[in-house]
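Top line first, the protein sequences correspond to chains A and B.
Using this note's numbering, you'd call the opening residue of the first sequence number 69 and step up by one each time.
Using this note's numbering, you'd call the opening residue of the second sequence number 12 and step up by one each time.
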Amino acid sequence: NAGVTQTPKFRILKIGQSMTLQCAQDMNHNYMYWYRQDPGMGLKLIYYSVGAGITDKGEVPNGYNVSRSTTEDFPLRLELAAPSQTSVYFCASKGDPNTGELFFGEGSRLTVL
Amino acid sequence: AQSVTQLGSHVSVSEGALVLLRCNYSSSVPPYLFWYVQYPNQGLQLLLKYTSAATLVKGINGFEAEFKKSETSFHLTKPSAHMSDAAEYFCAVTVPSGNNRLAFGKGNQVVVIP
């Protein structure tokens, strides 16, 4: 029962470095999402995908990129990391397009110094 | 676009007392509404959801919520708080069309006082 798996759990980056947060789900869900969570701000949608080969921007996409080459994987890339990208990142997936619940990974805590 | 409002970022409740977390939504079409819970250092998990069936929805761990269209509300309650209810709670809304994006409120951090 893996569900949604995120790696790494923790990472420290220097300003200007790049990295990829990995997300994989084993539930054959078409819908996948990346959120960032900042204290007192709830969750903000960065990017989402409705199926392999299809991605779209959410509320806060600047500074990030995604790809969806397979149903299982939805990596999030940070280019030229900035201190404003210090956050906790959550990947989630959904099976039922209308009423299904979101299944979340355990999060990736990123600090940019 | 749809949205939800949760007031009061921190909520303190005594053990055994009523837990009440308020959520008001804004949507131009009938919404689907959710409550999620987040325990420390974990992802979010679904507590309960309203998807246009019964307006009183029961979830896990003794929580329930009532959809009130006239008040555009979906408040979460639990009759008797337990220490294990200490967590952050998020209300979320979506509509049954389009890209199925979920909009989250800012959350309520619940502290249970022994």
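Ideal placement from N, C-alpha and C gives every residue a C-beta, glycine not left out.
Name the chain B residues that come within less than 7 Å of residue i, Cβ to Cβ?
| i | result |
| --- | --- |
| Thr75 of chain A | What Thr75 of chain A touches in chain B: nothing, since even the nearest Cβ is about 14 Å away. |
Please compile the residues from chain B whose C-beta is within a distance smaller than 8 Å of the C-beta of residue i.
| i | result |
| --- | --- |
| Thr167 of chain A | Tyr43, Lys60, Thr62, Pro107 |
| Met95 of chain A | Here the premise fails: no neighbours, minimum Cβ distance about 14 Å. |
| Phe158 of chain A | Gly54, Leu55 |
What does residue i reach in chain A if we use C-beta pairs closer than 8 Å?
| i | result |
| --- | --- |
| Gln13 of chain B | The premise fails here: Gln13 of chain B is roughly 13 Å from chain A at the closest Cβ pair, so nothing lies under 8 Å. |
| Phe101 of chain B | Gly110, Leu111 |
| Gly116 of chain B | Gly110 |
For residue i and residue j, which I take to be in contact (beta-carbon distance under 8 Å), what is that distance rounded to the nearest angstrom?
| i | j | result |
| --- | --- | --- |
| Ala103 of chain B | Ala92 of chain B | Their Cβ separation, rounded to whole angstroms, is 22 Å, which puts Ala103 of chain B and Ala92 of chain B out of contact at 8 Å. |
| Ser161 of chain A | Met100 of chain A | 5 Å |
| Tyr100 of chain B | Val48 of chain B | 5 Å |
| Tyr43 of chain B | Ala98 of chain B | That belief does not hold up - the Cβ atoms of Tyr43 of chain B and Ala98 of chain B are roughly 22 Å apart, past 8 Å. |
| Gln90 of chain A | Gln105 of chain A | Wrong, their Cβ atoms sit about 18 Å apart, outside the cutoff. |
| Leu111 of chain A | Gly131 of chain A | The pair is not a contact, with the Cβ atoms about 17 Å apart (cut-off 8 Å). |
| Thr66 of chain B | Thr167 of chain A | Actually they are not in contact, since the Cβ atoms of Thr66 of chain B and Thr167 of chain A sit about 15 Å apart, beyond 8 Å. |
| Val73 of chain B | Leu58 of chain B | Reading off the sequence shown, one finds Gly at residue 73 of chain B, where the question assumed Val. Actually they do not touch by this definition, with Cβ atoms about 10 Å apart. |
| Lys60 of chain B | Glu169 of chain A | 7 Å |
| Gln13 of chain B | Ser38 of chain B | 4 Å |
| Lys79 of chain B | Val30 of chain B | Actually they do not touch by this definition, with Cβ atoms about 18 Å apart. |
Grab the span of the beta strand (DSSP E) containing residue i for me, first residue to last.
| i | result |
| --- | --- |
| Lys125 of chain A | 122–125 |
| Glu75 of chain B | 75–79 |
| Gly119 of chain A | 111–119 |
| Lys162 of chain A | 155–162 |
| Val128 of chain A | Element bounds for Val128 of chain A: n/a, residue is neither H nor E. |
| Arg177 of chain A | 176–180 |
| Arg145 of chain A | 144–146 |
| Gln17 of chain B | Here Gln17 of chain B belongs to no beta strand (DSSP E), and DSSP marks it neither H nor E. |
| Leu31 of chain B | 30–32 |
| Thr167 of chain A | Taken as a continuous stretch (DSSP letters only), Thr167 of chain A belongs to no beta strand (DSSP E), as it is neither H nor E. |
| Thr75 of chain A | 72–75 |
Quick one: residues in its chain with C-beta nearer than 7 Å to the C-beta of residue i, no 5 flanking neighbours on either side, listed in chain order?
| i | result |
| --- | --- |
| Arg112 of chain B | Thr105 |
| Pro42 of chain A | Because chain A in this structure spans residues 69 to 181, residue 42 of chain A falls outside the shown range and cannot be described. |
| Ser23 of chain B | Val122, Ile124 |
| Gln85 of chain A | Ala149 |
| Val180 of chain A | Leu81, Ile83, Ala149, Ala150, Pro151, Gln153, Thr154 |
| Thr138 of chain A | Ala120 |
| Phe172 of chain A | Val72, Phe158, Ala160 |
| Ser95 of chain B | none |
Starting from the beta carbon of residue i, find every residue of chain B whose beta carbon is closer than 9 Å, and list them in chain order.
| i | result |
| --- | --- |
| Glu174 of chain A | Asn52, Gln53, Gly54 |
Beta-carbon within less than 8 Å of residue i's beta-carbon, same chain only, minus the 5 sequence neighbours each way: which residues are those?
| i | result |
| --- | --- |
| Asp124 of chain A | Tyr115, Tyr116, Ser117, Val118 |
| Lys77 of chain A | Glu174, Gly175, Ser176, Arg177 |
| Glu127 of chain A | Lys112, Leu113, Ile114 |
| Leu55 of chain B | Tyr47, Val48, Gln49, Phe101 |
| Glu82 of chain B | Asn35 |
| Pro143 of chain A | Thr88, Leu89, Gln90, Cys91, Val134, Ser135 |
For residue i, which residues in chain A fall below 7 Å Cβ to Cβ?
| i | result |
| --- | --- |
| Leu113 of chain B | Leu170 |
| Ser20 of chain B | Gly108 |
Near residue i, which residues of its chain fall below 6 Å by C-beta distance, leaving aside the five closest residues on each side in sequence?
| i | result |
| --- | --- |
| Arg79 of chain A | Leu178 |
| Asp94 of chain A | Ala70 |
| Gly118 of chain B | Glu99, Phe101 |
| Ser84 of chain B | Asn35 |
Worksheet item: Enumerated in chain order, which unbroken segments of the alpha helix (DSSP H) with a length of 4 residues or greater are wholly contained in the stretch 81–107 of chain A?
Response: Along the length of the stretch 81–107 of chain A, whole alpha helix (DSSP H) runs at least 4 residues long do not occur.
Worksheet item: Which runs of the beta strand (DSSP E), 3 residues or longer, sit entirely within the stretch 37–119 of chain B?
Response: 43–49, 55–61, 67–69, 75–79, 84–89, 98–105
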